[in-house]
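Just remember that this note's numbering sits 1 ahead of the position in the sequence shown, which is counted from 1.
Every residue gets a Cβ at the ideal spot worked out from N, C-alpha and C, and that includes glycine.
Here is the structure we will look at, set down as structure tokens.
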Amino acid sequence: MEQVTVFFTTISYENHAYKAYGVVDEHHRLDDLSISDLDAPSLVGRIYRAKVVDLVPSMQCAFVLLDGHTKAYLPFSSCDHVLRPDEELLVQVETDAIKSKFAVVSQFYEISGRNCCIIYGKGTHGVSKKLSKKEREEWKAFLAEYDDTKQHILLRTGVKDCNKEQIREELEQLLTEAQSLANRGTHGTCYSLLYQPKEDVAALIRRYMGVYEEFVSDGNFRVITDEREVYEAICAACEGGALSLSSDRIAFYTDASYPLYKLYSLNTQIEKLLQKTVWLDSGANILIESMETMTAIDVNSAKKQWKKSEADHILALNREAGAEIARQLRLRNISGMILIDFVNMTEDTQKEALLASMKSYVRKDSLRVNVVDITKLGLMELTREKVAKSLKQTIKKS
Numbered sequence: 002m003e004q005v006t007v008f009f010t011t012i013s014y015e016n017h018a019y020k021a022y023g024v025v026d027e028h029h030r031l032d033d034l035s036i037s038d039l040d041a042p043s044l045v046g047r048i049y050r051a052k053v054v055d056l057v058p059s060m061q062c063a064f065v066l067l068d069g070h071t072k073a074y075l076p077f078s079s080c081d082h083v084l085r086p087d088e089e090l091l092v093q094v095e096t097d098a099i100k101s102k103f104a105v106v107s108q109f110y111e112i113s114g115r116n117c118c119i120i121y122g123k124g125t126h127g128v129s130k131k132l133s134k135k136e137r138e139e140w141k142a143f144l145a146e147y148d149d150t151k152q153h154i155l156l157r158t159g160v161k162d163c164n165k166e167q168i169r170e171e172l173e174q175l176l177t178e179a180q181s182l183a184n185r186g187t188h189g190t191c192y193s194l195l196y197q198p199k200e201d202v203a204a205l206i207r208r209y210m211g212v213y214e215e216f217v218s219d220g221n222f223r224v225i226t227d228e229r230e231v232y233e234a235i236c237a238a239c240e241g242g243a244l245s246l247s248s249d250r251i252a253f254y255t256d257a258s259y260p261l262y263k264l265y266s267l268n269t270q271i272e273k274l275l276q277k278t279v280w281l282d283s284g285a286n287i288l289i290e291s292m293e294t295m296t297a298i299d300v301n302s303a304k305k306q307w308k309k310s311e312a313d314h315i316l317a318l319n320r321e322a323g324a325e326i327a328r329q330l331r332l333r334n335i336s337g338m339i340l341i342d343f344v345n346m347t348e349d350t351q352k353e354a355l356l357a358s359m360k361s362y363v364r365k366d367s368l369r370v371n372v373v374d375i376t377k378l379g380l381m382e383l384t385r386e387k388v389a390k391s392l393k394q395t396i397k398k399s
């Protein structure tokens, strides 16, 4: 890639509207994608005053009602006390309901700011591991001021560009909001929605700026949207210092006769993402089979002969496939357990090299991806954090 563009738009796919944002390269090829159904928005991040409707000790969990009719799963490990039947309590949605599985909630609710995050009632304070050792020690000393709070405070990487007074001000606002939520959780109305996270466009762009840092440095990073409200939010973030982007890097798309999603051929690309087979430049292909409990991915070698030795050929092919698989996981939002059957390699050094490459490929992902190992049967095992529905589960097909 020589250039990346972050886009925010609304697409129409088979007469249904979806909110979409992501990244395309200079050829309009998707490198990241997030899609949500406008008729069924995600509940993740919402905080409810819920009611315990069922205790299941054998499963080490309880079931709660969020809004009087939406049932959710609450593991005992995500509770701060022993629950009682019909008890009303504050919970935050961590994972949307997917297929037959209920939404997952926790009593340890989280409120995020630009550089700080507060988790109510859980753990000790923490500082981003991306900071230097010296910076981490300085910020840990700063957090000692808050040892008496019931909240677990996390400082993100962005604190390195802030002074302590700025972070103290942000923390005070978050702590006040957290205490207000706790009070409403104790005295509020059952089934009430107490907190709904706002879409932080600036935070999304900052995350992409971190992932595509080299493009930002070279001036090959831009943002485009055809939604006036989003454009104004981006401009306001730049003027307020929340984003470090020059005005010539931000564009408002105005051609109503040819919408942004058509310019980037998003529908065509989504159609391909809903298919099982993905073709690689080498002529090889990847077969993706998503099942209830896991996703199986098979790499099929190309027929053409390479000039390299067979061992080098296989490693190069598997690396090509690995990079594309990491991209497909992001675009399709495939989560849970993933088993990959790469083209067979006999040398341990090759397997170790492929594992190292795969770990580098998944670093772009906004969700936690764990490259576990290569099993005795030669299958690479991965796990990817499950938060929202997959692309296939989100898109409504006629």
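By the DSSP assignment, the beta strand (DSSP E) with residue i in it spans what residues?
i           : result
residue 8   : 5-14
residue 359 : Segment 349-362 is the alpha helix (DSSP H) holding residue 359; no beta strand (DSSP E) there.
residue 59  : First-last for residue 59: undefined, no H or E at that position.
residue 382 : 381-385
residue 37  : 31-38
residue 217 : Not the beta strand (DSSP E): residue 217 falls in the alpha helix (DSSP H), residues 214-218.
residue 152 : 152-156
residue 20  : 17-26
residue 224 : 222-226
residue 279 : 278-280
Pick helix, strand or coil for residue i, following the three-state DSSP scheme.
i           : result
residue 328 : helix
residue 205 : helix
residue 82  : coil
residue 266 : coil
residue 339 : strand
residue 301 : strand
residue 197 : coil
residue 367 : coil
residue 243 : coil
residue 237 : helix
residue 249 : helix
residue 52  : strand
residue 149 : coil
residue 177 : helix
residue 130 : coil
residue 372 : strand
residue 346 : coil
residue 2   : coil
residue 296 : strand
residue 121 : strand
residue 477 : Shown here, the chain extends from 2 to 399; a query on residue 477 therefore has no answer.
Residue i: which of the options sits nearest, CA to CA?
i           : options               : result
residue 47  : 130, 17, 108 and 344  : 108
residue 50  : 34, 138, 183 and 367  : 183
residue 56  : 312, 77, 38 and 145   : 77
residue 62  : 69, 86 and 133        : 86
residue 81  : 40, 67, 294 and 110   : 110
residue 248 : 241, 267 and 236      : 236
residue 165 : 117, 210 and 188      : 117
residue 314 : 333, 200, 324 and 344 : 344
residue 362 : 324, 135 and 387      : 324
residue 372 : 388, 129 and 355      : 355
residue 227 : 105, 318 and 7        : 7
residue 329 : 193, 121, 35 and 2    : 35
residue 188 : 91, 274 and 200       : 91
residue 286 : 321, 174 and 312      : 321
residue 259 : 13, 95, 336 and 68    : 13
residue 243 : 60, 208 and 272       : 208
Any C-beta of chain B sitting closer than 7 Å to the C-beta of residue i?
i          : result
residue 17 : Any reference to chain B falls outside this structure, which holds one protein chain only.
How far does the alpha helix (DSSP H) with residue i in it extend, from its first residue to its last?
i           : result
residue 192 : Premise fails: residue 192 is in no alpha helix (DSSP H) and is neither H nor E.
residue 395 : 392-395
residue 144 : 134-144
residue 290 : Residue 290 -> not in any alpha helix (DSSP H); beta strand (DSSP E) instead, spanning 286-291.
Applying the criterion that 16 or more other CB atoms from any shown protein chain within 10 Å of the CB defines a buried residue, is residue i buried or exposed?
i           : result
residue 140 : buried
residue 152 : buried
residue 391 : buried
residue 133 : exposed
residue 93  : buried
residue 53  : buried
residue 357 : exposed
residue 401 : Look at the range of the chain in this structure, 2 to 399, and you will see that residue 401 is not part of it.
residue 115 : buried
residue 181 : exposed
residue 232 : buried
residue 41  : exposed
residue 218 : exposed
residue 293 : exposed
residue 97  : buried
residue 246 : buried
residue 18  : exposed
residue 102 : exposed
Notebook entry, point to check: Which whole runs of the beta strand (DSSP E) in the segment 66-117 are 3 residues long or more, in chain order?
Noted result: Listed in chain order, the complete beta strand (DSSP E) runs (minimum 3 residues) inside the segment 66-117 are 72-76, 89-96, 104-107 and 111-113.
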